[in-house]
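Here is the structure we will look at, set down as structure tokens.
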Amino acid sequence: MLNRATVYPWPKRRSEWSERVGRQLESGKLSIYDRSGVVAEFEDAWSAAQGTPYSLVTNSGTAALHSAFYGIGLGPGDEVLCPAYTFFATAAPVFQLGALPVLVDCLPDGSFDTEAASALVTRRTKAIVITHMWGLPCDMDAVVAFAEKYGLDLIEDCSHAHGATYRGRPVGTFGAAAAWSMQTQKLIAAGEGGVMTTRSREVYDRAQLLGHFNKRAMKEMDPEGPLYAYSVTGLGLKYRAHPLGIAFAVGQVAELASWVKGKQDFAEEIARLFSRIEGITPLTLSTSERISAHYALLLEVDPDRVQGGRDWLVKACNAEGLEDIDVPKATSPLHTLHLFQNPISPVTTYDGSCIRAGFPVADRLAARTFKISVPCAPAGFEQEDAQYLAAVKAVAEKVGDYASGSAGRLRAATGGLSGEAG
Ligand SMILES: Cc1ncc(COP(=O)(O)O)c(C=O)c1O
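Numbering of the sequence shown is given in my numbering, commencing with residue -10 and proceeding in unit increments.
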């Protein structure tokens, strides 16, 4: 039996990052009003990493998405095509603007299905938001072609996909704006935080106005722009990030590319360990064009081949001490959530519905998949990551033995086990 509660330890706590937090604290600058200090440093580093001129740090990914949606000019009466298979914050900020998210089913790997979306375009559709689920980039050729065909603004929710690339190009650079969460579990972790990027000065100005009033907005917004007169007050929200969180995150940006690279082998290895169990299929491995950031690896369990199906498998892994394996609960398909079944908004009432189609693929993923963290072996933490992988291996092998009913089938497939079999 492994130690109870084996979970992948994240975020790592490199001493330089903690020292940076300490220095920020000592400086007394615990609120940054304008674009300066560690916030400006983070934004500059993020813009450089993305090749995007404008970055806006916020206090959450949700705030970054809200700022992006306001940035592109959404308002009451507008519709936004949103994935049904995502975390609800991808779509929920749309309600705050009085626009309506219209849910779209996904492809079998959880990414955005442009064909399903085509059937849902109406004259009210103004934008599309996609999520690179679990870190795997969507098929951006198809997504961009779809957005262009219907004249829609594209927003990318990259909250799972820091550092992921599609055909060598970073995700987050394909549309009108993009947003990342920096909540503690995310690949760039500030504890709580977010960041939005855009190439458009106009989108940047509007996005700032939503939650970054006064000193920042007054200095940053175009004084000739139509909304400049609101810069003192903004629009009534405050989305500034806490400098201590950003101080913790800022040093992580330079490491991102090597972490994503490091994750590729670990993801392959974990996929291989579980694929030896008949009926388990990894869904979100990278391809030559789509390099996943592997926020997590998603695997599907065929209930016809694994007795007890996904729920049995997760329970068995948890019982063996691998608590990292779980069923995403907050990331339930959005059509199962009350907010999307009975949409309300603080600024309007709706006569339309978010649910205008079936979601068989999202339902299937919700019923059959589990996720597991993927290590990235940051320098200095290799041993910690190797221990985690060893724990995953031991449990996958043992549970594989149970799943096969007897040790025989698995042994035959793998050429022998390490003697762990129960
Ligand atoms: C896909 C996705 N979008 C948006 C968010 C919202 O980010 P935050 O929690 O930082 O508001 C999350 C957070 O888990 C997420 O997973």
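No residue lacks a Cβ here, since even glycine has one placed at the ideal position from N, Cα and C.
Quick check on residue i: buried or exposed, where buried means 16 or more other Cβ atoms within 10 Å of its Cβ?
i: arginine 2; result: exposed
i: aspartate 194; result: buried
i: tyrosine -3; result: buried
i: methionine -10; result: Unreliable positioning characterises methionine -10 in this predicted model, as indicated by a pLDDT of 41, which lies under 50. The coordinate reading is nonetheless provided below. Exposed, because fewer than 16 other Cβ atoms sit within 10 Å of the Cβ of methionine -10.
i: glutamine 372; result: exposed
i: threonine 276; result: exposed
i: aspartate 254; result: exposed
i: alanine 319; result: exposed
i: glycine 411; result: Low confidence applies here, because glycine 411 scores a pLDDT of 26, under 50, leaving its location unreliable; read the following figure in that light. Answer is exposed; the Cβ neighbour count stays below 16.
i: glutamine 197; result: buried
i: aspartate 340; result: exposed
i: valine 221; result: exposed
i: glutamate 5; result: exposed
i: histidine 121; result: buried
i: threonine 47; result: buried
i: proline 0; result: buried
i: aspartate 130; result: exposed
i: threonine 187; result: buried
i: leucine 96; result: buried
i: arginine 357; result: buried
i: serine 395; result: Its pLDDT being 46, under 50, serine 395 is placed unreliably by the model, and the measurement read from it follows with that caveat. Its Cβ having fewer than 16 others within 10 Å, serine 395 is exposed.
i: glutamine 241; result: buried
i: leucine 224; result: exposed
i: proline 65; result: exposed
Please report the distance separating the alpha-carbon of residue i from that of residue j.
i: histidine 151; j: phenylalanine 163; result: 14 Å
i: arginine 345; j: aspartate 146; result: 22 Å
i: phenylalanine 237; j: glycine 297; result: 43 Å
i: proline 159; j: glutamine 39; result: 6 Å
i: tyrosine 228; j: alanine 57; result: 12 Å
i: proline 332; j: aspartate 352; result: 20 Å
i: alanine 401; j: aspartate 390; result: Caution applies to alanine 401, whose pLDDT of 41 falls short of 50 and renders its modelled position unreliable; the model cannot decide the point.
i: glycine 200; j: glycine 26; result: 18 Å
i: arginine 190; j: tyrosine 43; result: 8 Å
i: threonine 103; j: valine 132; result: 6 Å
i: cysteine 343; j: leucine 70; result: 9 Å
i: glutamate 409; j: tyrosine 377; result: Low local confidence applies: a pLDDT of 34 at glutamate 409 is under 50, so the model's placement there is unreliable, with the coordinate-based value given in what follows. Distance between the alpha carbons of glutamate 409 and tyrosine 377: 16 Å.
i: leucine 399; j: leucine 288; result: Note that leucine 399 scores 42 on pLDDT, short of 50, meaning its location in the model is unreliable; the coordinates nonetheless yield the value given after this. Between leucine 399 and leucine 288, the C-alpha separation is close to 18 Å.
i: threonine 173; j: valine 28; result: 18 Å
i: aspartate 98; j: arginine 24; result: 39 Å
i: serine 362; j: arginine 205; result: 37 Å
i: tyrosine 440; j: tryptophan 248; result: With the chain covering only -10 through 411, there is no way to say anything about residue 440.
i: lysine 250; j: proline 215; result: 44 Å
i: alanine 285; j: glutamate 386; result: 20 Å
i: glutamate 278; j: asparagine 203; result: 43 Å
i: serine 49; j: leucine 233; result: 14 Å
i: phenylalanine 329; j: alanine 73; result: 10 Å
Closer than 7 Å to a non-hydrogen atom of ligand 1 - does that hold for the CB of residue i?
i: alanine 78; result: yes
i: glycine 183; result: yes
i: histidine 149; result: yes
i: threonine 337; result: no
i: glycine 50; result: yes
i: threonine 273; result: no
i: glutamine 172; result: yes
i: aspartate 146; result: yes
i: leucine 70; result: no
i: leucine 198; result: no
i: threonine 358; result: no
i: proline 186; result: Residue 186 is actually threonine in this sequence, not proline. Threonine 186 Cβ: outside cutoff for every heavy atom of ligand 1.
i: leucine 233; result: no
i: leucine 226; result: no
i: leucine 287; result: no
i: leucine 45; result: no
i: leucine 54; result: yes
i: threonine 154; result: no
i: threonine 120; result: yes
i: threonine 75; result: yes
Just grab the DSSP bridge partners of residue i for me.
i: glutamine 39; result: BP columns for glutamine 39 are empty, so no partner.
i: lysine 360; result: Leu287, Asp315
i: cysteine 95; result: Phe101
i: methionine 185; result: Leu45, Ala168
i: tyrosine 155; result: Arg158, Arg279
i: aspartate 142; result: Ala116
i: glutamate 68; result: Leu89, Thr114
i: threonine 270; result: Glu289
Mind checking if residue i is an interface residue toward chain C, Cβ cutoff 8 Å exclusive?
i: arginine 357; result: Chain labels in this structure do not include chain C; a single protein chain is all it has.
Cβ-heavy atom distance between residue i and ligand 3 below 7 Å?
i: leucine 63; result: Ligands present in the displayed structure are limited to ligand 1, and ligand 3 is not among them.
**Message:** Check whether the segment 82 to 94 and the segment 317 to 329 touch, using three or more Cβ-Cβ pairs below 8 Å as the test.
**Reply:** yes
**Item:** Contact the segment 76 to 87 vs the segment 100 to 110: 3+ CB pairs below 8 Å
**Value:** no
**Request:** Could you say if the segment 289 to 309 and the segment 263 to 277 meet the contact criterion of at least three C-beta pairs nearer than 8 Å?
**Result:** yes
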